[in-house]
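Quick note: the sequence shown, position 4, residue 79 per the numbering used here, numbers continuous.
Note that the Cβ used here is the ideal one computed from N, Cα and C, for glycine as well.
Following: one structure in structure tokens, then a few remarks.
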Amino acid sequence: MAETQIEWTDSTWNPVAGCSIITAGCTHCYAMEMAKRLQAMGIEKYAGLTRRTGKRTVWNGVVREDHEALSIPYRWKKPRKIFVNSMSDLFHEGVSDEFILRVWKVMRETPRHNYQILTKRPERMATLVASRMGEVLPNVWLGTSIENSDVVSRIDHLRQAPAAIRFISYEPLIGSVGAVDLRDIHWAIVGGESGKSARPIKEEWIDEIHGQCLKAGTAFFFKQWGTWGKDNKKRSKKANGREYRGRTWDEMPVTPMDATAM
């Protein structure tokens, strides 16, 4: 998996496959159905990572480290923004410290790429990065997922992680996040849920985050409305589009390399 339709990145890189459901944001994770499809296509890496419960496919907690995948970024000669582990979570408890260190080594040795790591386990990320990774890599962005006010404490853990760029993915946004301090957070991605079982997104929840971004100087990226439009009606994701407040929002954080070039 290299090329992607994810609007805020260029490619995906999956040195880990498999995950576990831990909070409400995981309920309709696209990667669960994708893993099932990849298994059906005969891709061994994704075999046995999911199970059926009722009419749903869900993670079964099996996590697989793919050592062969570590060579992939070296082969990409043109600089890319790379989403790390779109099919897992690098800081899942099933991933060894040693393997995460190997992933870090790849990122250190390929400074032409910008790596975007998104986790729902920022406590482990902050601890491990601070204690084992040495210097801050200017091409590594560290992020966490926030779906509603129940998990905003993740932001404090993210802030403790040494990083050139810290970001939050408010996707799927399924509730208000409340009053959030975005100090030292460089980028926010906001998006609604898609799919037949998608939960609604409300414009006032987006307004809340957008206002906090303006206050903190955080770049704001609106990814999609998803299945539910701003008029609270269900349509296709494409029909609902990406327009918010009369425009599209594709702001990106200023990287250390960007700052040097100014």
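Applying the 10 Å Cβ sphere with the 16-neighbour rule, what's the burial state of N307? On the sequence shown, position 232 is the one that residue 307 refers to. N307 is exposed by the Cβ-count criterion.
C104 CB to nearest chain C CB: under 8 Å? No chain C appears in this structure, which consists of one protein chain only.
Is K298 helix, strand or coil by DSSP? On the sequence shown, position 223 is the one that residue 298 refers to. Correct three-state label for K298: strand.
Between the beta-carbon of F158 and the beta-carbon of I81, is there less than 8 Å? Taking the first residue of the sequence shown as 1, we reach residue 158 at position 83. Taking the first residue of the sequence shown as 1, we reach residue 81 at position 6. Yes. Within cutoff.
Endpoints, alpha helix (DSSP H) assigned at G286: Counting from 1 along the sequence shown, the entry for residue 286 is found at position 211. 278-291 is the span of the alpha helix (DSSP H), which, as asked, contains G286.
Where L203 sits in the DSSP three-state scheme: Indexing the sequence shown from 1 puts residue 203 at position 128. Here L203 sits in helix by DSSP.
Going by beta-carbon coordinates alone, are P392 and A236 separated by less than 8 Å? Summary: the structure shown does not reach residue 392, with the chain confined to residues 76 through 337, and so no result is reported for it.
Do E268 and H103 count as a contact pair if the criterion is CB distance below 8 Å? Numbered from 1 along the sequence shown, position 28 holds the residue referred to as residue 103. Numbered from 1 along the sequence shown, position 193 holds the residue referred to as residue 268. Yes; because the gap between Cβ atoms is below 8 Å, this pair is in contact.
If you drop the 5 nearest sequence neighbours on each side, which residues of the same chain put their C-beta closer than 7 Å to that of W83? Within the sequence shown, the letter at position 8 stands for residue 83. If we look at W83 and ignore the five residues flanking it on each side, its Cβ neighbours are I264, F296, K298.
Out of R322, M107, D231, G304, point me to the one whose CA is closest to D164's CA. Against the sequence shown, residue 164 aligns to sequence position 89. Nearest option by C-alpha distance: M107.
Element boundaries [alpha helix (DSSP H), containing W179]: Translated into positions along the sequence shown, residue 179 becomes position 104. It spans 172-184 - the alpha helix (DSSP H) in which W179 sits, taken as one unbroken run.
Given a cut-off of 8 Å, decide if E222 and I249 are closer than it, judged by their beta-carbon atoms. On the sequence shown, position 174 is the one that residue 249 refers to. On the sequence shown, position 147 is the one that residue 222 refers to. Contact flag set, yes.
Give every residue of the same chain whose Cβ lies closer than 7 Å to the Cβ of D325, excluding the five residues on either side of it in the sequence, and list them in chain order. Within the sequence shown, the letter at position 250 stands for residue 325. The residues are F296.
Using the rule of at least 16 other Cβ atoms within 10 Å of the residue's Cβ for burial, across every protein chain shown, is R207 buried or exposed? As a position in the sequence shown, residue 207 is number 132, starting the count at 1. So R207 counts as exposed.
L233, enclosing alpha helix (DSSP H) - first and last residue: Here residue 233 corresponds to residue number 158 of the sequence shown, with the count starting at 1. Looking at the DSSP string, the run of the alpha helix (DSSP H) that includes L233 is 228-234.
Among P275, K290, K271, which residue has its Cα nearest to the Cα of D259? The residue you call residue 259 lines up with position 184 of the sequence shown. When each option's Cα is compared against that of D259, the closest is K290.
Taking the alpha-carbon positions, what's the M109 to I118 distance? In the sequence shown, the residue the question calls residue 109 occupies position 34. In the sequence shown, the residue the question calls residue 118 occupies position 43. Rounded to the nearest angstrom, the two C-alpha atoms are 11 Å apart.
Report yes or no: do three or more beta-carbon pairs, one from the segment 124-139 and one from the segment 171-189, lie closer than 8 Å? Result no; under three Cβ-Cβ pairs closer than 8 Å.
May I ask you to list the residues that DSSP assigns as paired with V91? Here residue 91 corresponds to residue number 16 of the sequence shown, with the count starting at 1. Per DSSP, E140.
Just list the residues that DSSP pairs V265 with in beta bridges. Taking the first residue of the sequence shown as position 1, residue 265 is located at position 190. DSSP lists Y245, F297 as partners of V265.
Backbone secondary structure at L145 - three-state DSSP: Counting from one through the sequence shown, the residue named residue 145 turns up at place 70. Note: L145 maps to helix in three-state DSSP.
Return the Cβ separation of H167 and P197 in integer angstroms, given the expectation that the two are a contact with Cβ distance under 8 Å. Counting from one through the sequence shown, the residue named residue 167 turns up at place 92. Counting from one through the sequence shown, the residue named residue 197 turns up at place 122. In fact, because the Cβ distance is near 12 Å, the residues do not count as touching under 8 Å.
For R187 and S146, I'd like the C-alpha separation in whole angstroms. Here residue 187 is taken as the residue at index 112 of the sequence shown, counted from 1. Here residue 146 is taken as the residue at index 71 of the sequence shown, counted from 1. Computed Cα separation, rounded: 15 Å.
Please state whether DSSP places G117 in a helix, a strand or coil. The residue you call residue 117 lines up with position 42 of the sequence shown. G117 falls in the coil class under three-state DSSP.
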